[in-house]
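The next block holds one structure in the form of structure tokens; read it before the comments.
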Amino acid sequence: MKKNLFLIIEGKVFKVNYVRTSKVLDSPTAGLIDYMKGVICISTDRPRDAQDETLLHEIIHGILPPSTRDEEKFVEVFAPRLFGVLKTNGLWRSPLESKEGNTVG
Ligand SMILES: [Zn+2]
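Numbering (our numbering), first residue to last: 1249 to 1353.
Structure follows, in structure tokens:
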């Protein structure tokens, strides 16, 4: 069984849930971040790289100041490009590959 993944974003703990789209997310949604609940959901209906990119997308939402964190167009441009740079240069470690994950508590 996969260990739980927790991320600390701007000092707040977020639990990352990998879910089937049909269970939690609206169908076209690849992911979501709930700031109040401290939860990030990633759809498992897509390939690993797409899931990783979605995770980065949600992280970027999370690091943006509250007044700008809903700027979807910015995040949609920024996330895949940053992911491309990190992945191409070996700077991205997929949490789906890591056996330990970053566990908190
Ligand atoms: Zn988004």
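Cβ atoms here follow ideal geometry from the backbone N, Cα and C, with glycine treated the same way.
Item                                                                                   : Value
Where Leu1253 falls, given that 16 or more other Cβ within 10 Å makes a residue buried : buried
CB contact flag (Ala1327, Ala1298, <8 Å)                                               : no
Per-residue DSSP class, three states only, for Gly1353                                 : In this prediction, Gly1353 has a pLDDT of 43, which is less than 50 and means its spatial position is unreliable; what the coordinates show is noted afterwards. Reduced to three states, the DSSP call for Gly1353 is coil.
Leu1344 (DSSP reduced to helix, strand or coil)                                        : coil
Residues bridged to Ser1291 [DSSP beta-bridge criterion]                               : Val1267
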